[in-house]
Structure formats: C-alpha cells, structure tokens
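Residue numbers (the working numbering): 1 to 72.
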C-alpha cells in the first residue's frame, strides 16, 4: 500500500513508515479479514475537500486487491 505524507506524519512522527505493515478491516467482520499490507511508498498530500482544509491521512490500495472488489 501507499500512504500520504499526512498519514506518515500522524502515525509515524519519529519513524519510517516503510518498515511497517498495516492490517485493514480488523474487527469489521469475516469478509474483511486480510493479511497485513506492507507500506511501500509515501506520496505527497492531496486536498480532497476545500483548499483551506488540511489534507487527511490517506492510504491507497489497488482496487483489485480490495476484498469486495468485483472483477470487470
């Protein structure tokens, strides 16, 4: 997975997120049980809301790797 700089600053203020893994959906039910995902990159922040709002921590995962992704 790839995370943005806002997420790296918030959750790894003193460390390197590239050496960590995240588990997504833990506690959300059987359909969301997934193995941990390796953080492989940190990208610049993007402002998705108003320009005067701080960017929110964001992770990017390929659509095809999401548990509820439907093949096209």
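Each residue gets a CB set at the ideal place from its N, CA and C atoms; glycine is no exception.
* Going by DSSP, name the residue or residues bridged to residue 37. => Residue pairing by DSSP puts residue 37 in a beta bridge opposite 22.
* Span separating the alpha-carbon of residue 19 from that of residue 12 -> If you take the alpha carbons of residue 19 and residue 12, they lie about 10 Å apart.
* To do: Would you please state the rounded distance, in angstroms, between the beta carbons of residue 5 and residue 42? I believe it to be under 8 Å.
  => The beta carbons of residue 5 and residue 42 sit about 6 Å from each other, so the pair counts as a contact at 8 Å.
* residue 1 (DSSP reduced to helix, strand or coil) -> In the three-state DSSP reduction, residue 1 falls in the coil class, being neither helix nor strand.
* For residue 66, which three-state DSSP category applies? -> Coil at residue 66, not helix or strand.
* To do: Kindly list the residues whose CB is nearer than 8 Å to the CB of residue 3, restricted to its own chain and excluding five residues on each side of it in sequence; keep chain order.
  => The answer, listed in chain order, is 17, 39, 41, 42, 43, 57, 58, 59, 60.
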